[in-house]
Structures are given as C-alpha cells and as structure tokens.
Amino acid sequence: MSDSAAIPLHAWLIMGVALFAVSSAGAVFEMIEDVSGLSKAAWRLQATSLVLFPGFLLQYQKAERSLKLRWKESMHLLAFSGFCLALHFGTWLMSLDRTTLTHSLLFVTAHPLVIIIGLWLLRKPATKLQSIGALVGFVGAAVVVGGGASESGVSLYGDFLAFMGAVTIVGYLAIGRMVRGWMPLFLYAFPVTLISAIVLTLWAIIVEDLTFNLDEMSGAFGWLSVTWILYVGYLALGPGLLGHTGINAVLRWIPPLTISMILIMEPVIGSIIGWVVGVDSIPQLWTIIGGSLMISGLALVTFGSESQEAAQPSD
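Here the working numbering runs 8 ahead of the position in the sequence shown, where the first position is 1.
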C-alpha cells in the first residue's frame, strides 16, 4: 500500500474534484424544481448513459474475444446491478422531495451500516471496530430521526426512503466488487447505467405519469429542454463521469481505505453546498449531533472493514 509521500499531487487534485462532484449532486437535483424525484432520477441516468457510451464503444472494440464472451455471460449480473442502481436513485430522489438535503445525504450514504446489519443477520463475524462503529452510527441515526421531528422540511418517511437508497446500493456495490477485477470500467458502467435509466423511466411513467412528449419540460426526455439541460448535463458529466470515474482512477495511487474515509465526508460537503446555493437551511442542533455520530460510526465501520480485508490472506 502506498504511503502519502508517494501519492502524486495530481491524484489528490483528481480526488478533490471527484469528492466535490459527487457531493454536489443532491444540491443540483434540488435546483431542478417542479419535477418529481423519479423523473429527475431517470433524466440523470439517461444523460449519464450517453456520456458513458463512447467509452463503452472504444473498450468493446479493443476487447479480446474471450473478454467479450465472459462479458456477455455476466449480463445477468449487470442487469441486477442496474436494477439495484435504479432503486437507489429512485428512492433517494423521492426522499429529497420529502425531507431535507442534510437528512437525505446522511441516510443515503449509510450503506456501511447496512452491510453490518447483513453480517449480523447472516451470523457472520464482524470485527469489534465494525460493531462499535455500527452502534455509534445507529445511535446517531436515532438522534437524527428524533431531533428531526421538530425540524422544518423533515419527515420520517423521507428519511426512510433515503435509507432505502443505502440498502439498495449494496447490491450494486457487491456486483461491482465481483466483476470489476476483470471487467473494464465502461463495459461495466454503461450497461448498468443504461438498464438503470430504462427501469427508472418506466417507473416514472407508471408512478408519475411521465410522458414521451419531447416538448414537455417534465416529459421522459425533458432534460433536453433549454430549461434543464445544463443542470442534468452537469449531473452526468460532474457526479456521473468526473466523480465516479475519478474515484476509480485514483485507486492507482491512493489506498482504498483512504478513499473510503474521504468519501464519508460527502454528507457534510453536500450539505454545505446546499446551504450555499440556497436549497437547504442549516440543520438544527440535534441533526448536527446525530449526523456527527453517524459519520463517526461510518468511519469506524469503514476502517474496520478495510482492515479486516487487508488482514485476510490472499488466495
């Protein structure tokens, strides 16, 4: 594992841009007003699919025949990953319609706690650090929920939807961990994103009466209108490409544990961005206290998980 002295400056710059990009997504979504959550999620994934498509074509053309065959045989895994990603974005964007940006970001980034719950349910061992972190995180979540009862714009249902976004992203992360060791980035990202876009578009058509009228700003492809194309274009190029691609790129220099710990700051940075652009207000004291406990718990769980993995012998 690299030490910090060996990490080049440009790697930290890429990581900083990636962190800002992914953290800014919630605030930009909030700026797309009078459009329901599922519709915004569908737009975001549609636009991201277009951005990823050239990279997919390039990598597919260069891929050897054996890789293409293995890729096709893994399509069921990519389909499941795309379905999980659609559920993640759908529930998260619906939560933004029903709770504050700060609450939504705290709960949607709590997937390390979900993984620990899974370990407990499956009776698999968790390290002492993981268990302590999970307990601290759950106490923090309880404080956030309890304190939010008197906070303007907060709802228990909205917080629950955001947490469901954390639950459903676990499937996406698990599949990525299974296949990304041998599957090139765009061969994975494009089909998963496209499947997610299709699922979200159909979901929005059924639930939100989304239409295919290109002239309507709220239609299935309404992000192409002058009103919204800059917002959705930023979401595709910023969080969608610079954010996630940047994170994958810096793995070459920055240890995964360091990256994971940095990304835990997403709710804090995302909330600050929301306050600055005026789509969210400064949370009340109990949310700040509970949120701090949640982030501390996530950090302990993440550190415990990565340390446990590093201690395991290689096959």
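Just so you know, even glycine gets a beta-carbon here, dropped at the ideal spot from N, CA and C.
Tell me which residue opens and which closes the alpha helix (DSSP H) that Val162 is part of.
It is not in any alpha helix (DSSP H) - Val162 carries neither H nor E in the DSSP assignment.
Confirm, please, whether the CB-CB distance from Thr117 to Glu274 is below 8 Å.
Their beta carbons are under 8 Å apart, which means Glu274 touches Thr117 by this criterion.
Whole-angstrom distance between Phe28 and Gly299, CA atom to CA atom
Computed Cα separation, rounded: 19 Å.
Select from Leu60, Leu249, Ala205 and Gly248 the residue whose C-alpha is nearest the C-alpha of Phe229.
Ranking the options by Cα distance to Phe229, first place goes to Ala205.
Buried or exposed for Ser12, please, with buried defined as at least 16 other CB atoms from any protein chain shown within 10 angstroms of its CB.
With a pLDDT of 49 at Ser12, under the threshold of 50, the modelled position of this residue cannot be trusted; read the value that follows with caution. Exposed.
Do the CB positions of Ser112 and Leu104 come within less than 8 Å of each other?
One thing to note: Ser112 has its Cβ within 8 Å of the Cβ of Leu104.
Residue of Pro263, Phe64 and Val151 minimising C-alpha distance to Phe198:
Closest by alpha carbon: Phe64.
Count the CB pairs spanning the stretch 67-82 and the stretch 177-195 that are closer than 8 Å, and state whether there are at least three.
Touching, per the Cβ criterion.
For the putative contact between Gly141 and Leu308, defined by C-beta atoms under 8 Å, what is the C-beta separation to the nearest angstrom?
The C-beta distance from Gly141 to Leu308 rounds to 3 Å, short enough to fall under 8 Å.
For Leu5, tell me which candidate among Thr56, Glu41 and Thr201 has the shortest Cα-Cα distance.
A query on residue 5 cannot be resolved here, the shown segment of the chain reaching from 9 to 323 and no further.
What number of angstroms, rounded off, separates the C-alpha of Ala19 from the C-alpha of Val276?
For Ala19 and Val276, the distance between alpha carbons rounds to 22 Å.
Rounded C-beta distance between Leu208 and Ala49? I'm assuming under 8 Å.
The Cβ separation is near 5 Å, so the contact holds.
Tell me whether the stretch 44-60 and the stretch 83-98 touch, counting them as touching only if at least three CB pairs, one residue from each stretch, are closer than 8 Å.
As far as the Cβ criterion goes, the stretch 44-60 touches the stretch 83-98, which means the pair count is three or higher.
Exposed or buried, which one is Leu159 when buried takes at least 16 other CB atoms within 10 Å?
In the sequence under discussion, the amino acid at residue 159 is Glu, which differs from the Leu named in the question. Glu159 is buried by the Cβ-count criterion.
Under three-state DSSP, which class holds Val200?
DSSP places Val200 in helix when its eight states are reduced to three.
Which whole-angstrom value describes the C-beta separation of Val151 and Thr107, a residue pair presumed to lie in contact below a C-beta threshold of 8 Å?
About 15 Å separates the two Cβ atoms, so there is no contact after all.
Buried or exposed, going by whether 16 or more other CB atoms sit within 10 Å of the CB of His84?
For His84, the number of other beta carbons within 10 angstroms of its own is below 16, and it is reported as exposed.
Reduced DSSP secondary structure (H/G/I, E/B, other) of Leu169
DSSP, reduced to helix, strand and coil, places Leu169 within a helical segment of the structure shown.
Could you pull out every residue in the same chain whose Cβ sits closer than 6 Å to the Cβ of Glu216, ignoring the five residues on either side in sequence?
The residues are Ser44, Leu46 and Ser47.
What do you get for Val144, buried or exposed, if any count of 16 or more other CB atoms within 10 angstroms of its CB means buried?
Buried, by the Cβ-count rule.
Quick check on Gly24: buried or exposed, where buried means 16 or more other Cβ atoms within 10 Å of its Cβ?
Its Cβ having fewer than 16 others within 10 Å, Gly24 is exposed.
So, is Ala212 buried or exposed, given that buried needs 16 or more other C-beta atoms within 10 angstroms?
So Ala212 ends up on the buried side.
Any contact between the stretch 246-256 and the stretch 49-58? By contact I mean 3 or more CB pairs, one from each, below 8 Å.
Here the stretch 246-256 lies against the stretch 49-58, with 3 or more beta-carbon pairs under 8 Å apart.
Tell me the rounded alpha-carbon separation between Leu306 and Ala149.
Going by C-alpha positions, Leu306 is about 11 Å away from Ala149.
Starting from Ala257, trace the alpha helix (DSSP H) in both directions and tell me its first and last residue.
His252 to Val258 is the extent of the alpha helix (DSSP H) around Ala257.
Ile213, DSSP secondary structure in three states:
Under the three-state reduction of DSSP, Ile213 is assigned to helix.
Coil, strand or helix - Ala228 by DSSP
Assignment of Ala228 by DSSP, reduced to helix, strand and coil, places it in the coil class.
If you compare alpha carbons, which of Ala157, Glu81 and Leu127 is closest to Leu293?
Across the set Ala157, Glu81 and Leu127, the C-alpha of Ala157 shows the shortest separation from the C-alpha of Leu293.
What are the start and end residues of the alpha helix (DSSP H) that includes Arg78?
Its alpha helix (DSSP H) spans residues Arg73 to Glu81.
Given that a residue counts as buried once 16 or more other Cβ atoms are within 10 Å of its Cβ, and exposed if not, what is Pro291?
Buried is the call here.
Does the beta-carbon of Met9 have 16 or more other beta-carbons within 10 angstroms, so that it is buried, or is it exposed?
Caution is warranted here: a pLDDT of 43 is assigned to Met9, below 50, making its placement in the model unreliable, and the coordinate value is therefore given only provisionally. Exposed, because fewer than 16 other Cβ atoms sit within 10 Å of the Cβ of Met9.
Sorted by chain position, which residues of the same chain lie with C-beta nearer than 8 Å to His252's C-beta, five sequence neighbours on each side aside?
Result list for His252: Ala26, Val30 and Ala197, in chain order.
Rounding to the nearest angstrom, what Cα-Cα distance links Leu238 and Ile281 in this structure?
The alpha-carbon of Leu238 is positioned some 18 Å away from that of Ile281.
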